[in-house]
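Here the structure comes first, spelled out in structure tokens, and everything after it is commentary.
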Amino acid sequence: MATKINVHTLLEAGCHFGHQTRRWDPKMKPYIFGERNGIYILDLKQTIINADQAYSFVKRVAKSGKLLIVGTKKQAQEAVRTAAERAGMPYINQRWLGGMLTNFMTIRSRIDRMEELETMVEDGRMAVLPKKEQAVLGKQLSKLQTNLGGARDLKGLPQALFVIDTKREENAIREARRLNIPVVALIDTNSDPDEVTYGIPCNDDAISSITLMCELIADACQAGSGKEEISESEMMGEPAPSASEPSTPASAPEPAAAASAAAPEAADAASPDA
Numbered sequence: 001m002a003t004k005i006n007v008h009t010l011l012e013a014g015c016h017f018g019h020q021t022r023r024w025d026p027k028m029k030p031y032i033f034g035e036r037n038g039i040y041i042l043d044l045k046q047t048i049i050n051a052d053q054a055y056s057f058v059k060r061v062a063k064s065g066k067l068l069i070v071g072t073k074k075q076a077q078e079a080v081r082t083a084a085e086r087a088g089m090p091y092i093n094q095r096w097l098g099g100m101l102t103n104f105m106t107i108r109s110r111i112d113r114m115e116e117l118e119t120m121v122e123d124g125r126m127a128v129l130p131k132k133e134q135a136v137l138g139k140q141l142s143k144l145q146t147n148l149g150g151a152r153d154l155k156g157l158p159q160a161l162f163v164i165d166t167k168r169e170e171n172a173i174r175e176a177r178r179l180n181i182p183v184v185a186l187i188d189t190n191s192d193p194d195e196v197t198y199g200i201p202c203n204d205d206a207i208s209s210i211t212l213m214c215e216l217i218a219d220a221c222q223a224g225s226g227k228e229e230i231s232e233s234e235m236m237g238e239p240a241p242s243a244s245e246p247s248t249p250a251s252a253p254e255p256a257a258a259a260s261a262a263a264p265e266a267a268d269a270a271s272p273d274a
């Protein structure tokens, strides 16, 4: 079943709430509808347009490549893992290790070591080792599984990244840009949209908004790999409009206007500054 991305689902997930007005990047101005109670409100029309573009790109990537999903903040960890496992894609949701991309062969050797230790546990070789050595190797295995367990199927560099928080994951984005790897990311009002290839204007702090967008990306991966055929119009939660019809149904409020109507709640549900 396709994840429905329209003004109603975006509002319900709180995708329109940005950061406090004192914490913003001027480059995000085209994606901001307005300000209410000291909180920037994102233009959901732009969210829908850019989500559609990101969906199409990820779908193409998934046909023959790997999308590395990255989100290490607490609010994103579960959504990232769930989406990646459903999509059959690698993920990092605990800690970005420096050189994950730019020194991939070393990272791959650590993944190989993790799998070697797992095999030792499974076939009983670990159990016959001295207790002290078992403890050392067990600790090593646990650390490797925590940091790299989600990336075990990454045999080479990914074809693209999907990033939850551009500020927190700046090292991942920097490595990707250095290697000319495209980056799809949620861009909140404090983000620099120029740092990513496909930016989706969206609250990157709320669990609900992060989960919705992770589900969307998982859908795109499944559609691209042929596991589940999902059309772009189905993804947008509406029938595909004819050339003479507006993309937003007449019965639905305009995205920007709807976001404005929901703005009084912004002070309570906006992205935290911590």
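Numbered per full-length UniProt numbering, the sequence shown spans residues 1 to 274.
Every residue gets a Cβ at the ideal spot worked out from N, C-alpha and C, and that includes glycine.
Predicted model only: the values in this text are computed from it and were never measured.
DSSP, read as helix, strand or coil, puts Ile32 in strand.
Note: Gly199 is bridge-paired with Ala185 in the DSSP secondary-structure output.
Contact annotation: Leu216 and Tyr91 have beta-carbon atoms that are not nearer than 8 Å. With 16 or more other Cβ atoms inside 10 Å of its own Cβ, Pro158 counts as buried. Counting only runs that start and end inside the stretch 99-143, the alpha helix (DSSP H) elements of at least 4 residues fall at 104-122. Cα atoms of Val128 and Val183: separation of roughly 46 Å, rounded to the nearest angstrom. For His19, the uninterrupted beta strand (DSSP E) segment begins and ends at 17-20. If you look at Leu161, you'll find it in the beta strand (DSSP E) that goes 160-163. Residue pairing from DSSP places Leu68 in a beta bridge opposite Leu161. The alpha carbon of Gly199 has as its nearest neighbour, out of Glu35, Arg22, Val58, the alpha carbon of Val58. Between the alpha carbons of Phe17 and Phe33 lies a distance of about 10 Å. The way I'd put it, the stretch 141-150 doesn't touch the stretch 158-171; fewer than three beta-carbon pairs between them come closer than 8 Å. With at least 16 other beta carbons inside 10 angstroms of its own, Arg36 counts as buried. In this model, Thr146 and Met120 are separated by some 18 Å (Cα to Cα). Counting along the chain, Leu42 sits inside the beta strand (DSSP E) bounded by residues 39-42. Scanning Leu68, Ile48, Thr82 for the CA closest to the CA of Arg152 turns up Leu68.
Between Met114 and Ile107, the C-beta spacing is not below 8 Å. Assignment of Ile5 by DSSP, reduced to helix, strand and coil, places it in the coil class. One Cα belongs to Thr197, the other to Asp43, and the distance between them is close to 19 Å. Taking a 10 Å sphere around the C-beta of Gly150, we find 16 or more other C-beta atoms and assign the residue as buried.
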